[in-house]
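Residue numbers (the numbering used here), protein chains in the order written: chain A, 1 to 99; chain B, 100 to 635. Here a beta-carbon is modelled for each residue, glycine too, at the ideal position from N, C-alpha and C. Report on the following structure.
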Amino acid sequence: MSPANYLLLSALLFSIGAIGVLVRRNAIVVFMCVEMMLNAVNLSLVTFARMNGALDGQVMAFFVMVVAAAEVVVGLAIIMSIFRTRRSSSIDDANLLKY
Amino acid sequence: MTPLTVPEINYGALLPLLIILGAACIAVLLEAFLPRHQRWPSQVVLSVVAIAAAGVALGVHASGTTAEDLTAVGETNAVTIAGALSVDRPAMFLWGTLLALGLASVLLIADRSVEPGGAIVASAMERAAVGGGKPVSAAPGTSEDRGYGAPDQAPTMQTEVFPLMLFALGGMMTFVAANDLLTMFIALEVLSLPLYLMCGLARRRRLLSQEAAVKYFLLGAFASAFFLYGLALIYGYSGTIRFAEISDSLATSTRSDSLLFAGLALLVVGLLFKGSVAPFHTWTPDVYQGAPTPVTAFMAACTKVAAFGGIARVLYVAFGDARWDWTPVLWVVAVISMVVGAVLGLAQTDVKRMIAYSSIAHAGFILLGAMAVTEEGVSGTLFYLLAYGFTTIAVFGVISLVRDADGEATAMSRWAGLAKRSPVLAGVMTFLLLALAGIPLTSGFTSKFAVFSAALGAGGAVLVVIALVASAVAAFFYLRLVVLMYFSEPPADGPSVVVPGAFTTVAITLGVLVTLLLGVLPTLALGWAGSGGFVG
Numbered sequence: 001m002s003p004a005n006y007l008l009l010s011a012l013l014f015s016i017g018a019i020g021v022l023v024r025r026n027a028i029v030v031f032m033c034v035e036m037m038l039n040a041v042n043l044s045l046v047t048f049a050r051m052n053g054a055l056d057g058q059v060m061a062f063f064v065m066v067v068a069a070a071e072v073v074v075g076l077a078i079i080m081s082i083f084r085t086r087r088s089s090s091i092d093d094a095n096l097l098k099y
Numbered sequence: 100m101t102p103l104t105v106p107e108i109n110y111g112a113l114l115p116l117l118i119i120l121g122a123a124c125i126a127v128l129l130e131a132f133l134p135r136h137q138r139w140p141s142q143v144v145l146s147v148v149a150i151a152a153a154g155v156a157l158g159v160h161a162s163g164t165t166a167e168d169l170t171a172v173g174e175t176n177a178v179t180i181a182g183a184l185s186v187d188r189p190a191m192f193l194w195g196t197l198l199a200l201g202l203a204s205v206l207l208i209a210d211r212s213v214e215p216g217g218a219i220v221a222s223a224m225e226r227a228a229v230g231g232g233k234p235v236s237a238a239p240g241t242s243e244d245r246g247y248g249a250p251d252q253a254p255t256m257q258t259e260v261f262p263l264m265l266f267a268l269g270g271m272m273t274f275v276a277a278n279d280l281l282t283m284f285i286a287l288e289v290l291s292l293p294l295y296l297m298c299g300l301a302r303r304r305r306l307l308s309q310e311a312a313v314k315y316f317l318l319g320a321f322a323s324a325f326f327l328y329g330l331a332l333i334y335g336y337s338g339t340i341r342f343a344e345i346s347d348s349l350a351t352s353t354r355s356d357s358l359l360f361a362g363l364a365l366l367v368v369g370l371l372f373k374g375s376v377a378p379f380h381t382w383t384p385d386v387y388q389g390a391p392t393p394v395t396a397f398m399a400a401c402t403k404v405a406a407f408g409g410i411a412r413v414l415y416v417a418f419g420d421a422r423w424d425w426t427p428v429l430w431v432v433a434v435i436s437m438v439v440g441a442v443l444g445l446a447q448t449d450v451k452r453m454i455a456y457s458s459i460a461h462a463g464f465i466l467l468g469a470m471a472v473t474e475e476g477v478s479g480t481l482f483y484l485l486a487y488g489f490t491t492i493a494v495f496g497v498i499s500l501v502r503d504a505d506g507e508a509t510a511m512s513r514w515a516g517l518a519k520r521s522p523v524l525a526g527v528m529t530f531l532l533l534a535l536a537g538i539p540l541t542s543g544f545t546s547k548f549a550v551f552s553a554a555l556g557a558g559g560a561v562l563v564v565i566a567l568v569a570s571a572v573a574a575f576f577y578l579r580l581v582v583l584m585y586f587s588e589p590p591a592d593g594p595s596v597v598v599p600g601a602f603t604t605v606a607i608t609l610g611v612l613v614t615l616l617l618g619v620l621p622t623l624a625l626g627w628a629g630s631g632g633f634v635g
């Protein structure tokens with residue numbers, strides 16, 4: 001199978017993630033969509049590494065995984081802290097700052 | 100199997116970065132092992148000493164290397180650790196700027212006299228315990244009631260903010276020196292993640308602060324995903340992520356150009372988000388308003404420096420040869436940013452939000468310099484970042500001093516007649532606002548002159564005209580605040596002006612002095628900013 005198909009799949013996953021960030025209302029789900037975008041990029045990276053016949057794309061995917069893990073730690077901490085004060089994780093409820 | 104070759108590491112060049120990141124790790128250990136009442140003094144001393152030591156190391160390295168050394172083959176070359184970082188003249192200038200701004204921010208964050216006990220607290224329970232409100236559950240004398248600090252001492256602040264700040268500073272320094280896209284991405288995360296946390300730590304107005312943190316985090320993570328996808332597409336196009344090699348591949352790559360353009364567009368979206376350039380600015384006003392003011396000062400000044408340092412390097416070193424393809428797009432972006440910042444700034448009723456919109460307009464001006472791929476463009480951008488950073492830090496320092504019973508009085512109407520209550524503070528604020536507006540004899544004028552003339556030299560006459568109109572519009576809302584302070588009657592229950600402690604005084608004085616010096620005697624700093632170009 002041509003590696004280009006994997007690039008299409010990756011673009012599709014990235015778009016699904018991006019649309020999810022824009023339309024979903026729960027902070028946790030929005031955050032999962034961001035993670036999905038990062039993992040779509042990982043698929044692109046390893047596919048390009050295969051197409052270029054080099055290993056560096058695969059190594060980059062490891063870096064991305066570590067960053068994604070660090071982001072989860074920080075993100076869940078922030079979402080938890082606002083959940084404790086508001087008892088809600090909907091991003092529509094956080095509307096004090098505007099205009 | 101081919102043997103691995105050990106990359107050359109130029110420790111002299113990297114020393115400032117290593118000191119900052121090392122100090123951040125030590126600060127985490129201090130936080131873990133010291134008793135509470137010793138944490139604040141030791142963290143402050145560690146942060147200040149580390150930044151000062153990094154500054155000295157940077158000074159020694161910068162004065163010990165010549166421009167020839169930086170481009171020579173061998174271990175004096177600016178590019179080090181296997182091509183991951185490039186400590187060239189612009190990187191050194193930006194490191195110096197970041198360290199100086201970082202020092203001023205540490206002082207603002209560490210101050211405990213303006214907000215009793217410091218402005219930074221982690222959770223609602225502790226806020227109650229340190230005296231910001233009634234204790235929620237604890238009876239007097241229990242450990243909850245004692246909260247932070249020794250029992251007989253003023254309650255202290257959450258000191259985790261110091262290691263977070265040092266990590267963010269280290270990330271920013273890596274970001275401006277990054278010589279490949281992966282290093283840049285990691286640095287972007289290292290600088291962003293601590294900032295997301297720091298936004299949510301305000302002692303007062305917790306909901307605003309936490310809301311700012313959530314918004315900044317979700318939008319920031321979204322933007323860094325775009326940056327990363329851009330990285331992947333560029334890697335697919337050129338087979339490498341090193342800036343200099345990407346530049347070579349622009350002429351030789353056999354892959355489709357749409358990979359390049361899509362990748363570059365996504366990459367630039369991620370970077371412009373960090374620089375708060377409209378139309379990627381929507382987080383800026385909310386986060387600036389919601390975050391604790393000392394943290395806003397750090398974020399506004401240092402993030403801007405890091406983001407535009409990175410943008411200038413990427414555009415200049417990696418994509419300079421494709422400039423005819425991206426310049427028109429960035430023109431539009433710069434115009435949108437200047438117009439949005441200046442026009443929406445007119446409608447603001449909150450001082451912190453107004454400065455946020457002003458920062459969006461300024462981001463447009465800086466972009467003028469950063470997208471002129473010339474020596475003057477680079478030096479103008481660097482100078483602008485230095486000048487803007489110090490003015491902004493001092494502005495937020497002043498904002499944190501105007502307070503009433505609920506904390507900072509940031510509503511603009513509360514500032515009416517402030518000159519009658521505190522002529523000194525109103526005078527300082529007026530000077531800083533004039534600098535932001537770009538009046539001669541302030542750094543705002545010289546820096547605007549530097550970037551506008553660079554943009555003119557790069558063929559952007561129309562853009563410069565639009566920029567001048569936008570700065571005139573923006574001057575209106577700065578002057579509106581000045582008029583409000585001087586020519587209206589103070590309300591009877593108006594806010595009081597806190598006499599700042601030594602830390603805040605030093606930070607504001609530093610900002611004001613640099614703003615004045617760069618306006619009156621800009622030659623020295625302009626010489627440093629123009630002492631050499633990027634080495635890829």
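Could you check if residue i is buried or exposed, using at least 16 other CB atoms within 10 Å of its CB as the buried criterion?
i                      : result
residue 25 of chain A  : exposed
residue 62 of chain A  : exposed
residue 431 of chain B : exposed
residue 547 of chain B : buried
residue 60 of chain A  : buried
residue 313 of chain B : buried
residue 107 of chain B : exposed
residue 19 of chain A  : exposed
residue 210 of chain B : buried
residue 321 of chain B : buried
residue 104 of chain B : exposed
So, is the C-beta of residue i closer than 8 Å to a C-beta in chain A?
i                      : result
residue 261 of chain B : no
residue 328 of chain B : yes
residue 305 of chain B : yes
residue 54 of chain B  : Summary: the structure shown does not reach residue 54 of chain B, with chain B confined to residues 100 through 635, and so no result is reported for it.
residue 219 of chain B : no
residue 286 of chain B : no
residue 310 of chain B : yes
residue 313 of chain B : yes
residue 106 of chain B : no
residue 441 of chain B : no
residue 331 of chain B : yes
residue 356 of chain B : no
residue 385 of chain B : yes
residue 379 of chain B : no
residue 456 of chain B : no
residue 57 of chain B  : What the structure shows of chain B is the stretch from 100 to 635, and residue 57 of chain B is not part of that stretch, so it cannot be assessed.
For chain B, check one thing: does any of its Cβ atoms lie closer than 8 Å to the Cβ of residue i?
i                     : result
residue 26 of chain A : no
residue 60 of chain A : yes
residue 20 of chain A : no
residue 30 of chain A : yes
residue 15 of chain A : no
residue 23 of chain A : no
residue 1 of chain A  : no
residue 4 of chain A  : no
residue 37 of chain A : yes
residue 44 of chain A : yes
residue 69 of chain A : no
residue 97 of chain A : yes
residue 88 of chain A : no
Assuming residue i and residue j make a contact with CB atoms under 8 Å, what is their CB distance in whole Å?
i                      : j                      : result
residue 31 of chain A  : residue 91 of chain A  : That pair is no contact at about 10 Å.
residue 121 of chain B : residue 160 of chain B : 16 Å between Cβ atoms; not a contact.
residue 569 of chain B : residue 441 of chain B : 4 Å
Review point. Quick one: complete alpha helix (DSSP H) runs, 4+ long, within the stretch 53 to 92 of chain A?
Key: Correct list: 56 to 86.
Review point. Does the stretch 187 to 196 of chain B come close enough to the stretch 574 to 587 of chain B to have 3 or more Cβ pairs within less than 8 Å?
Key: Contact fails: fewer than three Cβ-Cβ distances are below 8 Å.
Practice item. State whether the stretch 468 to 477 of chain B contacts the stretch 585 to 603 of chain B, with contact taken as three or more CB pairs (one from each stretch) at a distance under 8 Å. Key: These segments do not touch.
Review point. Are there three or more Cβ pairs, one per stretch, closer than 8 Å when the stretch 375 to 395 of chain B is compared with the stretch 451 to 458 of chain B?
Key: At 8 Å Cβ cutoff, the stretches touch.
Practice item. State whether the stretch 510 to 520 of chain B contacts the stretch 548 to 557 of chain B, with contact taken as three or more CB pairs (one from each stretch) at a distance under 8 Å. Key: Touching, no.
Exercise for review: Indicate whether the contact test is met: 3 or more Cβ pairs, each with one atom in the stretch 349 to 356 of chain B and one in the stretch 61 to 79 of chain A, closer than 8 Å.
Suggested key: Judged by Cβ distances under 8 Å, the stretch 349 to 356 of chain B makes no contact with the stretch 61 to 79 of chain A, as fewer than three pairs qualify.
Practice item. Tell me, please, whether the stretch 503 to 513 of chain B touches the stretch 399 to 407 of chain B by the rule of three or more beta-carbon pairs shorter than 8 Å. Key: Between the stretch 503 to 513 of chain B and the stretch 399 to 407 of chain B, the count of C-beta pairs closer than 8 Å stays below three; the two stretches do not touch.
Review point. Okay, do the stretch 615 to 623 of chain B and the stretch 161 to 178 of chain B touch, 3+ Cβ pairs below 8 Å being the bar?
Key: As far as the Cβ criterion goes, the stretch 615 to 623 of chain B does not touch the stretch 161 to 178 of chain B, which means the pair count is below three.
Point to revise | Validate contact between the stretch 413 to 428 of chain B and the stretch 193 to 207 of chain B using beta carbons, cut 8 Å, 3 pairs | key: The stretch 413 to 428 of chain B is not in contact with the stretch 193 to 207 of chain B.
Check your understanding: Which full runs of the beta strand (DSSP E) of 3+ residues lie inside the stretch 173 to 215 of chain B, going along the chain?
Key -> Whole beta strand (DSSP E) segments, 3+ residues: zero.
Review point. Counting pairs of Cβ atoms below 8 Å between the stretch 286 to 300 of chain B and the stretch 150 to 164 of chain B, do you hit three or more?
Key: No: fewer than three Cβ pairs fall under 8 Å.
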